[in-house]
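Per the working numbering: the sequence shown = residues 75 to 361.
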Amino acid sequence: MCRDLDRGDLLECTELAVTELVTNAVLHAAPPMSLKVAGTFDHPRFEVHDGSRGLPQLNPRMTEDDELLSTIGRGLGLVGMCSTSWGVDVHDDGKIVWFEPATSLAATPASPVLDVPTEASSTQPATPPADYLRVVFDDMPVRLLADFRRHYHEVRRELRLLALAHEDDYPVAKSLTQLFHRVDEMSRLMFGLPALERALADGVERADIVLHTPPGSAETMAQLLELLELADEFCRAQRLLALAATTQQFELQRWYLGEFVRQARGEPPLRWAGTYKVDPSYRQSAS
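Below is the structure:
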């Protein structure tokens, strides 16, 4: 992959770090496991996914004389020495250990960036407050929404990591990441999400969903729609290795997010007018 990106200068550190991460996953983690290349052409990132939520252990003293024979945490130490930045993202179903390769081995390991989810607050009232917006989705295309969500989370994570590691190089990534945090807070205050989550988990084709969202949600969703389209352009302009939205994902996000805006204006619900199946002919990116 480094040769495909014309980055032969990263090859040695990449091979060493990938070997250490894969070995660490096989010895200490759980399946399923996979290796992925992400990031940008200028800042490629290698990721090892596994099914364990346990944090890997780094020995920060591995380069000191009394630790030279230690085998605990040495693999991650080598990853840190091979990287300009690296870290761990923990998810509900496992974790991702990632690194951006350096051109040469450093004398000491770089410090990891840890992303461990916090527990959600359970202080929500029993019924929606009177000032909440009621948004109705009749025959919501559940499978299409699941496909859009996967794309959304992938792009969101790409931009967050770019903002963490290269804020000066990608200022738009920081702006988008800040908006994503606001959307998270809004989602925590929503009512009706359990029914949507059940429909997504069951894999049904369509479902009637009613969401109650806090004041200001329509404005937030309008801004999210605008910035997701900007992110799509960013994916191409910056040669982001993550895929830009497909035509179908592009149309779905315009309809879904647009319904919050329309119904906030007092307009009646508008049903999804497209197919209810993830369409293979839409796999090409939107233009």
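Cβ coordinates follow ideal geometry from the N, Cα and C atoms, glycine included.
This structure is a prediction, so every number in the text was calculated from the model and none was measured.
Margin query: Measuring only the C-alpha atoms, how far is Tyr350 from Ala91?
Written below: Locating residue 350 in the sequence shown gives position 276, where the first residue counts as 1. Locating residue 91 in the sequence shown gives position 17, where the first residue counts as 1. Approximately 43 Å between the Cα atoms of the pair.
Item checked: Leu188 in three-state terms, based on DSSP -> Numbered from 1 along the sequence shown, position 114 holds the residue referred to as residue 188. Looking at Leu188 - three-state DSSP - the assignment turns out to be strand.
Notebook entry, point to check: With DSSP run on the structure shown, which of helix, strand or coil describes Ser249?
Noted result: Position 175 of the sequence shown holds residue 249. Looking at Ser249 - three-state DSSP - the assignment turns out to be helix.
Note to self: Give me the residue from Val210, Arg272 and Gln297 with the minimum Cα distance to Val257.
What the structure shows: Locating residue 257 in the sequence shown gives position 183, counting from the first residue. Taking only the C-alpha atoms, the option nearest Val257 is Gln297.
Next item on the list: List the whole-angstrom C-beta distance separating Ala247 from Leu236, where the pair is believed to meet the contact cut-off of C-beta under 8 Å.
Entry: The residue given as residue 247 occupies position 173 in the sequence shown. The residue given as residue 236 occupies position 162 in the sequence shown. Contact holds; Cβ gap of about 4 Å.
Notebook entry, point to check: Mind checking whether Pro215 and Arg272 have CB atoms under 7 Å apart?
Noted result: Start at 1 with the first residue of the sequence shown, and residue 215 comes out as number 141. Start at 1 with the first residue of the sequence shown, and residue 272 comes out as number 198. No, they are not a contact pair.
Checklist line | Residue from Arg81, Phe120, Gly128 and Leu253 whose Cα sits closest to the Cα of Ala305 | finding: For this step, residue 305 is matched to residue 231 along the sequence shown. Among Arg81, Phe120, Gly128 and Leu253, the Cα nearest to that of Ala305 belongs to Leu253.
Next item on the list: Grab me the residues of Gly266's own chain with a C-beta within less than 7 Å of its C-beta, minus the 5 sequence neighbours each way, in chain order.
Entry: On the sequence shown, residue 266 is found 192 positions in, with the first residue counted as 1. Closer than 7 Å at the Cβ level, and outside the excluded window around Gly266, lie Ile283, Val284, Leu285 and His286.
Next item on the list: Could you tell me whether the region 172-181 touches the region 155-163, using the rule of 3 or more Cβ pairs below 8 Å?
Entry: Flag = yes, the region 172-181 and the region 155-163 touch.
Item checked: Runs of alpha helix (DSSP H) lying entirely within the region 248-306, each at least 4 residues, in chain order -> Residue ranges of uninterrupted alpha helix (DSSP H) with 4 or more members, entirely inside the region 248-306 and ordered along the chain, are 267-276.
Next item on the list: Using the Cα positions of Asp205 and Arg231, report the straight-line distance between them to the nearest angstrom.
Entry: By 1-based counting over the sequence shown, the position of residue 205 is 131. By 1-based counting over the sequence shown, the position of residue 231 is 157. Using only the alpha carbons, I get a separation of about 32 Å.
Note to self: Report the CB separation of Thr88 from Cys76 in whole angstroms; it is logged as a contact under 8 Å.
What the structure shows: Here residue 88 refers to the residue found at position 14 of the sequence shown. Here residue 76 refers to the residue found at position 2 of the sequence shown. About 5 Å separates the beta carbons of Thr88 and Cys76, which is inside the 8 Å limit, making them a contact pair.
Notebook entry, point to check: For His117, is the classification buried or exposed, using 16 other Cβ atoms within 10 angstroms of its Cβ as the cut-off for buried?
Noted result: Here the question's residue 117 lines up with position 43 in the sequence shown. Label assigned to His117: buried.
Next item on the list: Please name the residue, chosen from Gly168, Glu307 and Arg339, that lies closest to Ser291 on a Cα-to-Cα basis.
Entry: Indexing the sequence shown from 1 puts residue 291 at position 217. Of Gly168, Glu307 and Arg339, the residue nearest in Cα terms is Arg339.
Next item on the list: Decide if Arg119 is buried, meaning its Cβ has at least 16 other Cβ atoms within 10 Å, or exposed.
Entry: Here residue 119 corresponds to residue number 45 of the sequence shown, with the count starting at 1. Burial call: buried.
Next item on the list: Express the C-alpha separation of Glu241 and Leu314 in angstroms, rounding to a whole number.
Entry: In the sequence shown, counting from the first residue as 1, residue 314 sits at position 240. In the sequence shown, counting from the first residue as 1, residue 241 sits at position 167. Rounded to the nearest angstrom, the two C-alpha atoms are 15 Å apart.
Notebook entry, point to check: Where Leu152 and Gly332 are concerned, what is the direct C-alpha to C-alpha distance, given to the nearest angstrom?
Noted result: Working through the sequence shown from its first residue, we reach residue 152 at position 78. Working through the sequence shown from its first residue, we reach residue 332 at position 258. Roughly 48 Å separates the two Cα atoms.
Item checked: Element boundaries [beta strand (DSSP E), containing Trp160] -> Here residue 160 refers to the residue found at position 86 of the sequence shown. Ser157 to His165 is the span of the beta strand (DSSP E), which, as asked, contains Trp160.
Note to self: Among Met260, Met107 and His165, whose alpha-carbon lies nearest the alpha-carbon of Thr294?
What the structure shows: Position 220 of the sequence shown, counting from 1, holds the residue named residue 294. Looking only at Met260, Met107 and His165, the smallest Cα-Cα distance to Thr294 is reached by Met260.
Next item on the list: Pick helix, strand or coil for Arg77, following the three-state DSSP scheme.
Entry: Numbered from 1 along the sequence shown, position 3 holds the residue referred to as residue 77. In this structure, Arg77 counts as coil in the three-state DSSP scheme.
Next item on the list: Whole angstroms is fine: what's the gap from Val335's alpha carbon to Glu300's?
Entry: Residue numbering aside, residue 335 sits at position 261 when the sequence shown is read from its first letter. Residue numbering aside, residue 300 sits at position 226 when the sequence shown is read from its first letter. One C-alpha to the other measures close to 12 Å.
Notebook entry, point to check: If you drop the 5 nearest sequence neighbours on each side, which residues of the same chain put their C-beta closer than 7 Å to that of Pro288?
Noted result: Locating residue 288 in the sequence shown gives position 214, where the first residue counts as 1. The residues are Tyr206, Met260 and Leu263.
Check: In chain order, what residues of the same chain lie with their CB nearer than 8 Å to the CB of Gly113, ignoring the 5 residues before and after it?
Finding: Looking up residue 113 in the sequence shown gives position 39. These residues qualify, in order along the chain: Arg119, Glu174, Glu232, Leu235, Leu236, Leu314 and Leu315.
Check: With a Cβ-Cβ cutoff of 7 Å, do Val171 and Leu85 count as a contact?
Finding: As a first step, residue 171 is located in the sequence shown; it is residue number 97 there, counting from the start. As a first step, residue 85 is located in the sequence shown; it is residue number 11 there, counting from the start. Cβ atoms of Val171 and Leu85: not closer than 7 Å.
Note to self: Which same chain residues end up closer than 6 Å to Ala277 when comparing Cβ atoms and leaving out the 5 residues on each side of it in sequence?
What the structure shows: The residue labelled residue 277 in the question sits at position 203 within the sequence shown. Rather than Ala, the amino acid found at residue 277 in this sequence is Gly. Cβ within range, chain order: n/a, list empty.
Notebook entry, point to check: Quick one: what's Ser108 bridged to in DSSP?
Noted result: Taking the first residue of the sequence shown as 1, we reach residue 108 at position 34. In the DSSP output, where bridge partners are listed per residue, Ser108 has His123.
Margin query: If distances are taken between C-alpha atoms only, which option among Ala200, Thr201 and Lys169 comes closest to Leu188?
Written below: Within the sequence shown, numbered from 1, the residue matching residue 188 stands at position 114. Of Ala200, Thr201 and Lys169, the residue nearest in Cα terms is Lys169.
Checklist line | Own chain partners of His225 with C-beta closer than 7 Å, once the 5 adjacent residues on each side are dropped | finding: Against the sequence shown, residue 225 aligns to sequence position 151. Closer than 7 Å at the Cβ level, and outside the excluded window around His225, lie Ala319 and Gln323.
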